[in-house]
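First to last, the sequence lines map onto chains A, B, C and D. For the first sequence, the numbering used here gives the first residue as 36, with consecutive numbering after it. For the second sequence, the numbering used here gives the first residue as 36, with consecutive numbering after it. For the third sequence, the numbering used here gives the first residue as 51, with consecutive numbering after it. For the fourth sequence, the numbering used here gives the first residue as 51, with consecutive numbering after it. Glycine included, every Cβ here is placed at the ideal spot set by N, Cα and C. Report on the following structure.
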Amino acid sequence: GYYGDFGGAFLPEILVATFDELERVYTEARNDPIFWHDYEQLMSSYSCRPTPITFAGNLTRHFGGARIFIKREDLNHTGAHKANNVMGQGLLVKRMGKTRVIAETGAGQHGVATATMAARFGFDCTIYMGEVDVERQRPNVFWMEQLGATVVPVTDGTRILKDAINEAFRDWVTNMDTTHYVLGTACGPHPFPEMVSWFQSIVGKEARRQFMEKEDRLPAKVFACVGGGSNAMGVFSGFFEDDVELIGVEAAGRGLDSGAHAARLCSQDASVGVAQGYKTYFLQNDDGQMRETHSIAAGLDYVGVSPILSDLKEKGRVRFEGATDSQVIEAVRLTMRKEGVIPALESAHAFARAFKEAPQMSADEMILINQSGRGDKDIFTIADAFDDPKWKQFIIEKANRYHA
Amino acid sequence: GYYGDFGGAFLPEILVATFDELERVYTEARNDPIFWHDYEQLMSSYSCRPTPITFAGNLTRHFGGARIFIKREDLNHTGAHKANNVMGQGLLVKRMGKTRVIAETGAGQHGVATATMAARFGFDCTIYMGEVDVERQRPNVFWMEQLGATVVPVTDGTRILKDAINEAFRDWVTNMDTTHYVLGTACGPHPFPEMVSWFQSIVGKEARRQFMEKEDRLPAKVFACVGGGSNAMGVFSGFFEDDVELIGVEAAGRGLDSGAHAARLCSQDASVGVAQGYKTYFLQNDDGQMRETHSIAAGLDYVGVSPILSDLKEKGRVRFEGATDSQVIEAVRLTMRKEGVIPALESAHAFARAFKEAPQMSADEMILINQSGRGDKDIFTIADAFDDPKWKQFIIEKANRYHA
Amino acid sequence: MLESYIRSRLAEKKILLMTHIVIGYPSLDASLEIVRTMVEAGVDLMELQIPFSEPIADGPVILKANQRALANGVTVKQCLDFGSRVAGRFPIPFLYMTYFNILFKFGVDRFAEHMQKAGLHGAIVPDLPPEEAGDYLKAMGEKHLAPVFIYSPTTPTDRLNAIADVADGFIYCVARKGVTGGQTEFSLQLDGYLARCRAATSLPLALGFGVKDRSDIKFLEGKADIAVIGTQALRLMEDGGVDAVGNFIRELQR
Amino acid sequence: MLESYIRSRLAEKKILLMTHIVIGYPSLDASLEIVRTMVEAGVDLMELQIPFSEPIADGPVILKANQRALANGVTVKQCLDFGSRVAGRFPIPFLYMTYFNILFKFGVDRFAEHMQKAGLHGAIVPDLPPEEAGDYLKAMGEKHLAPVFIYSPTTPTDRLNAIADVADGFIYCVARKGVTGGQTEFSLQLDGYLARCRAATSLPLALGFGVKDRSDIKFLEGKADIAVIGTQALRLMEDGGVDAVGNFIRELQR
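Structure (structure tokens):
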């Protein structure tokens, strides 16, 4: 269960048997070509895989360097790459004969995706979500509840994503007989990092094939944002064996020197630790207590990061960079205006970095940006980030009507 | 320009030349196989066509009759079938060498789709939207503006969709040299009904092919909601030559007897008339003045309807039914819980009617429901329809923060 | 016959004035008062607009007048009664101006019959191009009413000719792109346009839109046969009442 | 050696009591007072939990105590100083209980050295299964400290044996699924579980969780060697202060 020096499975004893079963079923599935076939079928009939690669002609002209392509995970059912992971795990849950799923969620997208999967598979579903996030992300909470899930606000700790993960583990420790924990990213104890990356590898497999079909060669660079790391692992995994530079972009928040960021692999503020069941770089203090993080993108402000990415960083196979909140807002704005595409704030980190590098490249080079999700779910955040007065007025008037 | 007794082009003289040019370019495009090829390419690389057909196994079991399939137009870029029409018209605008597009919008989806297309093609863009709708649909207005469009609130008339159409025509009458009016549905003067239906026919073509590939036969019935009628025309057009029953579902609002509905083809309240440049069934009074309409779905409360559908009704080729607001809410709720799919309130009309008929059918029959769009854009409307107290509290708290 | 009336008036005046009202705006009584004032001020013919809920070719001023009239509850029957009343009372030709749905719902034949009985002379239906006008032309022809059609600067020459074939009374020449009530540059371009119109038809030419003062009228003399006063009169009425309209019209003919 | 201490105590008592505190909760001074009270009330050994920000295996009561302690600013160094102080002052064995990251960041070797110097007897690290414990086992072994491991009802027999091979001091048997502080049914099922545990190891068995009163202790006599008092003591302390805890512990041994 190790990826270089990272990963492992630092589990309470009571969960060891559950993980043994999960690993067994996962390994069986992985060795069963029918499983992957079924998975692809499901994703092509329930979501719209393969998602397209869009050539961003206007952005390319604007920057005057490499040709810019966008992998459109935003077109997935529920609006992000999260669907890949949850539907894959759903198939495993069926194999295990369990009837209930639980999940953590920060921004809410993984929660919505899991609630969706649970509705589709007929599983009971409980979503743990930090109380702070429940308040911030009410639209997603609304949809989860309408999809039939129970959303439990987590009032412990810092009341955000990592606390929701802890709480989901506590549920699991109690209900592992009936319940599978659908971890949302390529983190956590083995086999989660590998398993989630495997499901997400559908992104990279497609992207590589699409480039070969349409361009007969591969892009020079691939950019992906990195929160937990699942979308990055997904798209990168199509290109590990190729001469393609892979760039993971973390949330530099208010700046890498500000302390208010969520950069674990491109800053000096993180160090190796063990928490939430696995070993990786964490944003923690010298005692090993986790620190608060900041990003404009709720999906990127996690304290840990995929142990596989930590390993790829150490090995030099993936380069890590940061994008600040303000660079991200600019990238969203530009991408909307130029291409009519609204990247999620998370995804926009990859765009922001790509926009820095594309102009330095030559016109016969190509780059790929993974648009992990769509931004129109973020309207409350984006409207706030853009400080739109008409939006505020609308909300105030809506509130007045509710008061009346 | 007639479809049976309906259609025509009742145009101010000043627009006749513009329509002549449009019809010429449209006819050229229609006769040019490369054009459709380019269109399909665009839709497969910028949106995710072909959109899948999803088998709704849980709903099928729930109703215990025909097998239920869903055509997933909700997965399109911008979240609805509207994308098909606007991207197609965008290609025509390029052919015509025009540099500006205008559009009307009611619910805002066509406005967002047009603004998106304009950004992608590099056109200037103005969207006319009734003032009432601007207030109701602020999220969509926000996105249109962020996409670079100018949104003009229409303060005349009843300040809803039909008034926005009138205002768009007024703009066009002034600026037709540079400007194309991207009409949003299969209505208006010829060639719009035919042209929009042609672009939307991509839905039906795909659906027919997908059924033949996967099931080797066709569904017994196809259900589509009918506002202007473009999604219905789109999906129906794949099956006109087949022994497939086609059912258009209109907004029965508070009931067909209540007067508060938007049923033009399944109620006695509408009559044939000529307005907004074409002849069809309108909800009008005896003098020929248009009446107010009502539907929970902003995209269905239009006074007119595609003249092609009026003709298909007269010919008996399409059956028209109504679904009430409350049936629609129930259908949304059930579809979310059972399948993890959130139909737009518009699309949910087709679901509601299908749910009435499916149980009466035999298990070896199949039905297809066209999910014209996704419902998560409707959160303000759906949350209000479900009367969710936590949502209200969220909005009130958000408003308080804006006040502070 | 409308055309012969116009010809005979043109023998006396270099250019005729046609004004426009929206029936029932601001009220039916006021409409009657406006007609009286306009006739007394010397207009030569008048358009009576029957309000419609979707006046697609009208600009904001007339659009609002349509809506207000409808909001006041004005019906088509009241409009026709009004037309009947003024046509019977005042010695100039009146035309209905409205959108096709009003005729269509009323019945085109019945509408023409009503017009004839009431002594109206013709109609302008801006959303009814000749291609869609079969029944209308037949009904108007049978009742010897003038179907007035419209020329626009975008109309090609062969179409000008084709319109001339079916039109009667006069041709309404739209001076520029856009809806009613906008600004028109009275320029040399206009000369070319009107020359094209003149070449296409022997009918008198009315020119809309945007006449603002006496000098505009002077400019049009010899170019057009009828100057159309639409939105400007409505604006004056709203600002200064009926008297202001009367003064304006008298001023134009000084 | 921890095991021999336990054996010798068991010669005098049918079942030993192990209590638990979170260092620094509600304050460092209070923690000291609690330890003193517990020792005086007759507990046989104690877990000192070094608070961690992500206590994944702990239930809500202990979780909150962790968070409050950290919010009060308690550091790992203060915790180790505290351990050193109580181990030097009170005549019972103390163990650290904490999550692996605390050891990992401090340095596993250095942590063990500190423990040895301070006179601690062992440690319980609930997120460190034997598979991940190589360095830890080596360091604990070198310093003659007891690495206490955990059995759970879901642990298969061969794994019970494997854990027994590396564990020392005693084995901490989790009585049921779930986090600390939940309800346990002391039933026949428990007998079977403990018999399985007993068969797998010759080490003494501690049983968590959920001891509520004297009758629970009575029930466990002869089944387990050590009864663990965790959450219940914390609850009593919160409700009735240190004295309530002392009374409770005395009551259990009556």
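Check whether the Cβ atoms of residue i and residue j sit closer than 8 Å, and answer yes or no.
i	j	result
D346/A	F45/A	no
L145/C	I112/C	no
L344/A	K106/A	no
V440/A	D198/A	Here chain A has residues from 36 to 439 only, and residue 440/A is not among them.
M122/B	V60/B	no
S272/A	S232/A	yes
V136/D	I100/D	no
M401/B	G100/B	no
L380/B	I331/B	yes
Y337/B	G408/B	no
G92/C	H171/C	no
T113/A	A148/A	yes
G141/B	L196/B	yes
P47/C	Y149/C	Since the first residue of chain C shown is 51 and the last is 304, residue 47/C is not available in this structure.
What residues of chain A sit near residue i, judged by a beta carbon separation below 9 Å?
i	result
T205/D	E48, I49, V51, A52
Which value, in whole angstroms, describes the spacing of the CA atoms of residue i and residue j?
i	j	result
L19/C	I56/C	The structure shown does not extend to residue 19/C, since chain C is modelled only from 51 through 304, so no value can be given for it.
V186/B	I162/B	5 Å
L300/B	A267/B	13 Å
A277/D	I65/D	7 Å
H225/B	G334/B	22 Å
A298/A	A305/A	8 Å
E63/B	F90/B	38 Å
C83/B	C129/C	54 Å
L318/B	R326/B	6 Å
F426/A	A434/B	In the sequence under discussion, the amino acid at residue 426/A is Trp, which differs from the Phe named in the question. Spanning the two alpha carbons is a distance of roughly 10 Å.
V85/D	D275/D	21 Å
F390/B	A366/B	8 Å
G146/B	E139/B	7 Å
R205/A	G109/D	7 Å
V279/A	I88/A	17 Å
I137/A	G165/A	14 Å
F177/A	D419/B	11 Å
G239/B	D168/B	30 Å
Name the chain B residues that come within less than 7 Å of residue i, Cβ to Cβ?
i	result
N93/A	G157
What residues are listed by DSSP as bridge partners for residue i?
i	result
I276/C	L66/C, A256/C
F258/B	I282/B, I404/B
R107/B	Q406/B
S306/B	F317/B
V224/D	G258/D
E271/D	A274/D
Y201/D	C223/D
Residues of chain D with a CB under 8 Å from the CB of residue i: which are they?
i	result
F227/A	Residues of chain D passing the Cβ test: none, with the nearest at roughly 14 Å.
F45/A	F150, D177, L178, P179, E182
Which residues in chain D have a C-beta closer than 7 Å to the C-beta of residue i? List them in chain order.
i	result
D304/A	Near D304/A there are no residues of chain D at all, since even the closest Cβ is about 14 Å away, more than 7 Å.
Can you list the residues of chain A that residue i reaches, using a CB-CB cut of under 7 Å?
i	result
N151/D	G308, V309, A310, G323
Which chain C residues are close to residue i, counting only those with a beta carbon under 7 Å from its beta carbon?
i	result
R194/B	Those within 7 Å of R194/B in chain C number zero; the least Cβ separation is about 10 Å.
Quick check on the DSSP output: what are the complete beta strand (DSSP E) runs of length 3 or more inside the stretch 115 to 187 of chain A, in order along the chain? 135 to 140, 159 to 165
What residue ranges within the stretch 206 to 261 of chain B form continuous alpha helix (DSSP H) runs of no fewer than 4 residues, ordered along the chain? The DSSP assignment places 227 to 250 as complete runs of the alpha helix (DSSP H) inside the stretch 206 to 261 of chain B, in order along the chain (cut-off: 4 residues).
What runs of the alpha helix (DSSP H), each 4 residues or longer, lie entirely inside the stretch 372 to 435 of chain A? Counting only runs of 4 or more, we get 380 to 392, 414 to 420.
Completely contained beta strand (DSSP E) runs for the stretch 106 to 189 of chain C, where each covers 3 or more residues: 144 to 147, 172 to 174
Which ranges would you report for the alpha helix (DSSP H) in the stretch 325 to 363 of chain B if only whole runs of at least 4 residues count? Every unbroken stretch of the alpha helix (DSSP H) spanning 4 or more residues and falling wholly within the stretch 325 to 363 of chain B is given here in chain order: 342 to 349.
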